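Numbering (this note's numbering), first residue to last: 10 to 439.
What follows is a set of notes on a single structure, which appears directly below.
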């Protein structure tokens, strides 16, 4: 009965889009690796206008990654709300308000962005922003774990701010973020000052009538620059989770770790295509708890009896702490008719404990490291109402990271893994 309802619902959505001039997309994608074939069915409704955006994007998956109690009614699929948000802009496009569930993006266009991962991590959010020809400002509240979560005891949320200046094609910006174990913090969202001041003015040690009990919030800060010219795009970004100042002032005392990440890259735009070079690194224990919550979506590495993939848990740099990566890529587009993309990536990773606090400073200094070498190629063909796509990932992982339940961390193993993933799909647009 519910299968019939699902079909009827899709048909109703289709005719609603026709009547109200809303765009509608439905797509299918098949995934094959060495072991099995899985698919994704995507349904997207959207309306993009100068002053208003409406996006509803749902993906149905057959890979059994999650256990969905009504999967029988969706042909043995579970679904994810990948995007579902609205955005309002002022008539001159200076002011923006946006809310819903969204795959949140960083300020820089990079496969190795540091404050928000280039992996798709969609979360509920509320965003306010302003931008003109000289400056830009953005403040976001993001829910990570709700207070009614079935697997984790405490709620978890974060706030993020960006302050930036624009000089023609050049941008310079300051970024900060704070993670805390509660649902919402009015002060962080609406106070335009950086997080540091919002934390210090409310510290429990202050003898002030508004001082609050210690919250153990975990804050991070950083800077970025980018330069977007017709012939090239260059960026650099740094994230500072913690610095060991004891080495200068109290060398005889315990030394906390330096928790730093750095990313940089350049893309050359030519008539023969775009050629890119990107690199990033993060010291060990970056993003981990430092007296407060970790810079991860979830507070633990496991829920129920399932291990959470660390690439889907880190909010920032997708390879997390104790890692370094380099990627070279190429993109060619022909008159919006087709494009072809190719890349080769090398990644070195050491032990990671995303939700566990450990010290002192380390960076890829273990005897055994995970080493991955991955080649990717993809192509897309575009027609007026139709799109075809194909991609393949080929490579090898040496000493693959595996989860150590006893020590609650991911460690290099003695296992090597061959990679072969082939994706084929199509999309129909109305």
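Note that CB positions come from ideal geometry on N, CA and C, so glycine has one too.
Quick caveat, the model's predicted, so the values are computed rather than measured.
Query, Result
"Residue 441 and residue 226 closer than 9 Å at C-beta", "Residue 441 lies beyond the range of the chain shown here (10 to 439); nothing can be said about it."
"Under the three-state DSSP convention, the category residue 293 falls into", "coil"
"Endpoints, alpha helix (DSSP H) assigned at residue 208", "204–209"
"Close Cβ partners of residue 163 (< 6 Å) along its chain, the five nearest in sequence each way excluded", "190"
"Contact set for residue 397: own chain, Cβ-Cβ below 6 Å, skip 5 residues either direction", "390, 435"
"Simplified DSSP state of residue 397, which is helix, strand or coil", "strand"
"Cβ neighbour criterion (16 or more within 10 Å) applied to residue 75", "exposed"
"Contacts around residue 130, its chain only, beta-carbon distance under 8 Å, and the 5 residues preceding and following it disregarded", "112, 113, 306, 321, 324"
"At least 3 beta-carbon pairs within less than 8 Å: the region 308–321 vs the region 374–392", "no"
"9 Å Cβ cutoff, residue 295 in contact with chain D", "Of the protein chains in the structure, only one exists, and it is not chain D."
"Three-state secondary structure assigned by DSSP to residue 106", "strand"
"Cβ-Cβ distance between residue 378 and residue 401 below 9 Å", "no"
"Residue 110 beta carbon less than 9 Å from that of residue 93", "yes"
"Residue range of the beta strand (DSSP E) that includes residue 229", "227–237"
"Cβ shell of residue 9 (< 6 Å), same chain only, five flanking positions each side left out", "In the structure as shown, the chain begins at 10 and stops at 439. Residue 9 is therefore absent and cannot be evaluated."
"Residue range of the beta strand (DSSP E) that includes residue 429", "426–438"
"Coil, strand or helix - residue 373 by DSSP", "coil"
"Proximity below 9 Å, CB of residue 361 to CB of residue 418", "yes"
"Contacting residues, own chain, Cβ-Cβ under 8 Å from residue 40 (five flanking each side not counted)", "46, 47, 48, 49, 72, 430, 431, 432"
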